[in-house]
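**Student:** No gaps in the numbering here: position 336 of the sequence shown is 406 in this note's numbering, and each next residue is one more.
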Amino acid sequence: MAHSLGSSKIAGSGSFLLVYKRVAAHWRAIVLLLILGFVAFIVAPFDEFVPFMLILFALLLLFIASQIFWIGRILDLGERFIPGKPRRVLLAIIAGMVYLFVFAYNFPSIESTNTHVFRAADYRLHSVVLEAAYWWWFVGSLLAFLLVIAFGAADRAARAAGWVYRKVRTAIHERSATADTETALLSPGRRRLLEQTAVLVSATPFVAAGYGLLYERQDVEIVRQRVRLARLPKAFEGFRIAQLSDIHIGPFTTADYIRHCVAITNGLEQDLIALTGDYISWDREAQGDVVGVLAGLRAPHGVFGCLGNHEAEGAIEESITRLFAAQGIHMLRQERAPIRLGGETLNLIGIDHGGDHDRRLQELKALVMPNTVNILLTHYPHFFDHHSELGIDLTLAGDIHGGGQMSLDFVHRGLNLGSLMGVPYIRGLYEKGGAQVYMNRGVGITGFPIRLGARPEITVFELSRT
Ligand SMILES: [Fe+2]
71 MAHSLGSSKI
81 AGSGSFLLVY
91 KRVAAHWRAI
101 VLLLILGFVA
111 FIVAPFDEFV
121 PFMLILFALL
131 LLFIASQIFW
141 IGRILDLGER
151 FIPGKPRRVL
161 LAIIAGMVYL
171 FVFAYNFPSI
181 ESTNTHVFRA
191 ADYRLHSVVL
201 EAAYWWWFVG
211 SLLAFLLVIA
221 FGAADRAARA
231 AGWVYRKVRT
241 AIHERSATAD
251 TETALLSPGR
261 RRLLEQTAVL
271 VSATPFVAAG
281 YGLLYERQDV
291 EIVRQRVRLA
301 RLPKAFEGFR
311 IAQLSDIHIG
321 PFTTADYIRH
331 CVAITNGLEQ
341 DLIALTGDYI
351 SWDREAQGDV
361 VGVLAGLRAP
371 HGVFGCLGNH
381 EAEGAIEESI
391 TRLFAAQGIH
401 MLRQERAPIR
411 LGGETLNLIG
421 IDHGGDHDRR
431 LQELKALVMP
441 NTVNILLTHY
451 PHFFDHHSEL
461 GIDLTLAGDI
471 HGGGQMSLDF
481 VHRGLNLGSL
491 MGVPYIRGLY
501 EKGGAQVYMN
511 RGVGITGFPI
521 RLGARPEITV
531 FELSRT
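#1: Measure the alpha-carbon distance for G13 versus F215 and round it to whole angstroms.
#2: My output table needs one value for A505: the three-state DSSP class, helix, strand or coil.
#3: For a test of the three-state rule: what should DSSP assign to G498, helix, strand or coil?
#4: May I ask you to verify whether the region 487-507 touches the region 320-339, counting CB pairs closer than 8 Å and requiring at least 3?
#5: Measuring straight from C-alpha to C-alpha, what distance separates L345 and A467?
#6: First and last residue of the beta strand (DSSP E) that includes S534?
#7: Below 7 Å CB to CB, which residues in the same chain sit around I242 once its five sequence neighbours on both sides are set aside?
#8: Within the same chain, show all residues whose beta-carbon is closer than 7 Å to that of E355, passing over the 5 residues directly before and after it, in chain order.
#9: Please report the distance separating the alpha-carbon of R511 from that of I470.
#10: Between H196 and the rest of its own chain, which residues show a CB-CB distance below 8 Å, the 5 nearest in sequence each way excluded?
#11: Is H380 near ligand 1, going by C-beta to nearest heavy atom under 8 Å?
#12: Just verifying my parser: in three-state terms, what is the DSSP assignment at T448?
#13: Within its chain, find whatever has a CB closer than 7 Å to the CB of I125; leave out the 5 residues flanking it on each side and keep chain order.
#14: Determine the extent of the beta strand (DSSP E) in which A230 is found, giving its start and end residues.
#15: Applying the criterion that 16 or more other CB atoms from any shown protein chain within 10 Å of the CB defines a buried residue, is I292 buried or exposed?
#16: If contact is defined by three or more beta carbon pairs under 8 Å, each pair taking one atom from either stretch, is the region 193-213 in contact with the region 270-280?
#17: When you compare the CB positions of A202 and L283, do they come within less than 9 Å of one another, or not?
#18: Cβ of G259 versus every heavy atom of ligand 1: is any distance shorter than 8 Å?
#19: Would you check whether ligand 1 has a heavy atom nearer than 8 Å to the C-beta of G347?
#20: Can you grab the Cα-Cα spacing for the pair E527 / V513, in whole Å?
#21: Helix, strand or coil for L126, going by three-state DSSP, please let me know.
#22: Closest to W205 by CA distance: which of L460, A279, I445, L393 is it?
#23: Are the beta-carbon atoms of L302 and R535 separated by less than 9 Å?
#24: By the three-class DSSP mapping on this structure, what secondary structure does Q432 have?
#25: With a threshold of 8 Å, are at least 3 pairs of Cβ atoms found where one atom belongs to the region 394-404 and the other to the region 376-385?
#26: Considering only residues of the region 287-374, which uninterrupted beta strand (DSSP E) runs meet the minimum length of 3 residues and lie entirely inside it, listed in chain order?
Encoded structure:
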């Protein structure tokens, strides 16, 4: 059956079905890569990040498979447009050289992204352009490859159904209906439609990646979120907290862009500003610059913050806290800052990202003020399951970048990279036992400089008793 389907004339027309056939032709290489990957995975000393590393590994293998596929398509195109005797080997060598150059050139940033290597950022224009092109190709080609597989699989299923239908029809009518059906399937109109659909389908991810790189990445959304806190003191009715998260200063989140975010934030009529970590990306030297820009934030009740994983992994927790303090910005590190208004109090708490889990939980317990509204600033809400019993009313967090910067949440909530990696809290407001947490999508990027379905956001909360 597989042979009869595979040898259909439709597949030999240079159409999308041929493209899918080529994927199928590489299945041995893909299986071999998977086996090699799993052997490497078993040998490598992964423990606590196993699910995360598994998904990263699957993505890597998928990327390799997609590149084998796309190199093949580029060679097909080259053969079509270069007249004379096809020089496939020569074209393959040229394509290989281009790949090697682009990967070698972008290796420092790839290395930083995957293994958290801290290094000086490269702001030179040609470096930024090449890195952007690399990530555009990475995201576009991977998504397009997934679509090709899905499209091909759907087509194969449809053709299998057609084959069964013809067999049944032949058996019932005791005459061959195959010729009629083949004629219908092969009609030039249908073939052209299939080809056009194929081009459109495989081009969409490249266009989307370009949009995410050039536009959505800095298309800041101002989110106005009303938060109901049953025991909010009367004096704090309508109190506004603006939140900025995941700044990640770097070549793709420049000081100018952050300055623009600071200007937006200052115009939100906020009473207090909360910063929820990840001020740098991979460049420790940039801490002075990011603090310098954030020093422009203004709020009557002050600017407070907590530290993120990039500060912890970059070992700049002490230094950046001192830099912030010099600008009047208070990083709350296992500390609280009671906010007073009209003789009443709201307890603001901040904790570091990571560290010993049990010790951190005990520290958090000690910071909660009974019979007071407690608001926690934390990069990721590791203890959210306990917040209700601890008496933490509201938590402001970030870290996940709206689902790994790529999301189809507008189609269905939970369709994003973060959820795929098993992260329970991704974006927006969550409630558990009366405790609430808000997951901010952040303003910056890490890894690929693309945001798709996960616009950067600046949030302003309005506290209310009702
Ligand atoms: Fe982040």
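C-beta atoms are modelled at their ideal positions from N, C-alpha and C, and glycine is treated no differently.
No experiment lies behind these values; they were computed from the predicted model shown.
**Tutor:** Per the coordinate set shown:
#1: The structure shown has nothing for residue 13, since the chain only spans 71 to 536.
#2: Here residue 505 is taken as the residue at index 435 of the sequence shown, counted from 1. Residue state, collapsed to three classes: strand.
#3: In the sequence shown, the residue the question calls residue 498 occupies position 428. Reduced to three states, the DSSP call for G498 is strand.
#4: no
#5: Mapped onto the sequence shown, residue 345 falls at position 275. Mapped onto the sequence shown, residue 467 falls at position 397. If I take the Cα positions, the gap works out to 9 Å.
#6: Position 464 of the sequence shown, counted from the start, is the residue given in the question as residue 534. 527-534 is the span of the beta strand (DSSP E), which, as asked, contains S534.
#7: For the purposes of this step, residue 242 is taken as residue 172 along the sequence shown, with counting starting at 1. Correct list: empty, nothing qualifies.
#8: As a first step, residue 355 is located in the sequence shown; it is residue number 285 there, counting from the start. The beta carbon of E355 lies closer than 7 Å to those of A190 in the same chain, with the five residues before and after it left out.
#9: Position 441 of the sequence shown, counting from 1, holds the residue named residue 511. Position 400 of the sequence shown, counting from 1, holds the residue named residue 470. If you take the alpha carbons of R511 and I470, they lie about 7 Å apart.
#10: Walking along the sequence shown from the start, residue 196 turns up at place 126. No residues qualify anywhere along the chain.
#11: For the purposes of this step, residue 380 is taken as the residue at position 310 of the sequence shown. Yes, ligand 1 has a heavy atom inside 8 Å of this Cβ.
#12: The sequence position of residue 448 within the sequence shown is 378, counting from 1. Residue state, collapsed to three classes: coil.
#13: Here residue 125 refers to the residue found at position 55 of the sequence shown. Result list for I125: L490, M491, in chain order.
#14: Numbered from 1 along the sequence shown, position 160 holds the residue referred to as residue 230. Careful: A230 lies outside any beta strand (DSSP E), inside the alpha helix (DSSP H) at 195-243.
#15: Taking the sequence shown and counting its residues from 1, one reaches residue 292 at position 222. The residue is exposed, with fewer than 16 neighbouring Cβ atoms inside 10 Å.
#16: yes
#17: For the purposes of this step, residue 202 is taken as residue 132 along the sequence shown, with counting starting at 1. For the purposes of this step, residue 283 is taken as residue 213 along the sequence shown, with counting starting at 1. Contact flag set, yes.
#18: As a working note, residue 259 is residue 189 in the sequence shown. Checking every heavy atom of ligand 1 against the Cβ of G259, none is found closer than 8 Å.
#19: Translated into positions along the sequence shown, residue 347 becomes position 277. In this structure, ligand 1 has a non-hydrogen atom nearer than 8 Å to the beta-carbon of G347.
#20: Here residue 527 refers to the residue found at position 457 when the sequence shown is read from its first residue. Here residue 513 refers to the residue found at position 443 when the sequence shown is read from its first residue. Roughly 6 Å separates the two Cα atoms.
#21: For the purposes of this step, residue 126 is taken as the residue at position 56 of the sequence shown. Helix.
#22: Your numbering for residue 205 matches position 135 in the sequence shown. The shortest C-alpha separation from W205 is found at A279.
#23: Position 232 of the sequence shown, counting from 1, holds the residue named residue 302. Position 465 of the sequence shown, counting from 1, holds the residue named residue 535. Result yes, Cβ atoms of L302 and R535 sit closer than 9 Å.
#24: Against the sequence shown, residue 432 aligns to sequence position 362. Helix, per DSSP.
#25: Taking 8 Å as the limit for Cβ pairs, the verdict is that the region 376-385 does touch the region 394-404.
#26: 291-298, 310-314, 342-346
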